[in-house]
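If you count by my numbering, then the sequence shown holds residues 22 to 320, one letter each, in order. Working notes for the structure below.
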Amino acid sequence: MTKNSTPAHISAKTLLPAAINGWEMFLLDQGRSPNTVKAFLSDVRLLTQFIAPDQSIGNVSTEELNRFFEWMEKARGIPCSPKTLSRRITSVKSFFRWLHQYGVLAVDPAEKVMQRSAISPLPQVLTNDEYDAVLLVADRHRRDKKPDARPFTLAYLLLTTAIKKSECLAIHPNHIDLDGKNGPFLFVRYASPANRYKERKIELQEDWVGAYNEYVTQYQLTDQVFPWSPRRLEYLLEDVGEEAGLSKHLSFDMCRWTCALRDYQNGVEPDRIRQKLGVSKIQWRELFIKLKQLNGDMK
22 MTKNSTPAHI
32 SAKTLLPAAI
42 NGWEMFLLDQ
52 GRSPNTVKAF
62 LSDVRLLTQF
72 IAPDQSIGNV
82 STEELNRFFE
92 WMEKARGIPC
102 SPKTLSRRIT
112 SVKSFFRWLH
122 QYGVLAVDPA
132 EKVMQRSAIS
142 PLPQVLTNDE
152 YDAVLLVADR
162 HRRDKKPDAR
172 PFTLAYLLLT
182 TAIKKSECLA
192 IHPNHIDLDG
202 KNGPFLFVRY
212 ASPANRYKER
222 KIELQEDWVG
232 AYNEYVTQYQ
242 LTDQVFPWSP
252 RRLEYLLEDV
262 GEEAGLSKHL
272 SFDMCRWTCA
282 LRDYQNGVEP
292 DRIRQKLGVS
302 KIQWRELFIK
312 LKQLNGDMK
C-alpha cells in the first residue's frame, strides 16, 4: 500500500470490523512488530462492543467516541487505569487518523478527542556520590589480578549514552567508531524499518575508549559487543551496585534516566537530550516533565 493509495475495499460505508482488518494489514505492511499490532487491534476492537454492529465508520462522531471512553472508564465494569485509558485513546486516534489520511473519511472524528496523559511514577536515579561510587567499583575490576573491563565498559557506556537495554544488546562492533572525525561515537541501529527514526549517533567519552579496547582484547568479540543474555547483564549491573553500597538496584533504566538528568543539569539543550534518548516529540513531553521533576524544577 503506497502512501497515497486508498485502503482496498474500505469506504465510509464500511463497518467497523472490516475497517479494523484493513488497518491490521496496513500496520503489518509498515513493519510494525506483532506485539505492537496486537496491542493496537485489541484497543480498537473494544469499539465494536460500544458502537452498533450495523453502523458504518463514516457515521462515527467525536461525541460518540467521547462517550465510548467515558463508558470504558466508568461504566464498562472492568477496571481501566489512567495509563491504559491513555493508550487506548492513542490507538483509536491512530486508527481514525489512518482512515482520514488515506481519504476514506473526509473528517477525522477522533482528532478532537482529548488525549489524557497518564504520568507514571518518577524513575530512580543515581546521586552524584552514587554515580562516582558505581564507576569507582566498576573501574576497580579493570585493575584486579585477573583484570575484567566488562563491568566498567557496560556501566560507563549506559551512564553516558542513555541507551536502552534492547539497544545495548543490539550493538555490533562495527556500530562503534573510535576514529570519527569529531571524536568516537556509537551508532544506534534498528533492524525494523518502523524503528528507523530511533537511529542516532551518540558521542562516546574518550576515557571509555581505553576500557573498551581492554574489553575487546579480553573477550575477543565477534558479532555482539555484549554477547550475553539480558538477565546476565542485569545481574552484572546489580552486582556493581551492591559493591558500591547502593540501597537501590542499579539497572539499565536507572542508568538511562541518570544520564538524561545529568545532561539536563549540565545545560544540554532539551531537544538534544530528546535526540540522544531516541524518542519522539510526543513521548518527550512526558519524559521532560519527569526530568524537571527529578531536578526539583516542579513542586
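We treat Cβ as the ideally placed atom computed from N, Cα and C, and that holds for glycine. From a predicted model like this one, the values you see are computed outputs, not experimental measurements.
Sequence-distant Cβ neighbours of Gly52 in its own chain, meaning closer than 6 Å and more than five residues away, are Ser213, Pro214 and Ala215. When the alpha-carbon of Glu84 is set against those of Tyr177, Lys133 and Gly204, the nearest one is in Lys133. Restricted to the stretch 190-225, the beta strand (DSSP E) segments that are unbroken, complete and at least 3 residues in length are 206-209 and 221-224, listed in chain order. As the crow flies, the alpha-carbon of Trp305 is around 35 Å from that of Leu242.
Shown here for Leu156: same chain residues with a beta carbon closer than 8 Å to its own, the five before and five after excluded, namely Phe173, Ala176, Tyr177 and Leu180 in chain order. Taking 8 Å as the cut-off, the beta carbon of Ile197 is found no closer than this to the beta carbon of Leu190. Rounded to the nearest angstrom, the gap between the Cα atoms of Arg164 and Asp284 is 29 Å. Excluding its 5 nearest sequence neighbours in each direction, Lys34 has C-beta neighbours in its own chain below 7 Å: Ser77 and Gly79, listed in chain order. By the Cβ rule, the stretch 58-69 counts as touching the stretch 92-112, because three or more pairs are nearer than 8 Å. Here Leu36 is bridged, per DSSP, to Ser77. For the pair Thr279 and Arg217, the Cα-to-Cα distance works out to about 25 Å. Within 10 angstroms of the beta-carbon of Glu151 lie 16 or more other beta-carbons, which makes it buried. Looking from the CA of Glu45, the closest CA among Ser54, Leu37, Leu36 and Val58 belongs to Val58. Between Leu271 and Val146, the C-beta gap is not smaller than 8 Å, which leaves the two residues out of contact.
Per DSSP, Glu94 is not a residue of any alpha helix (DSSP H), being assigned neither H nor E.
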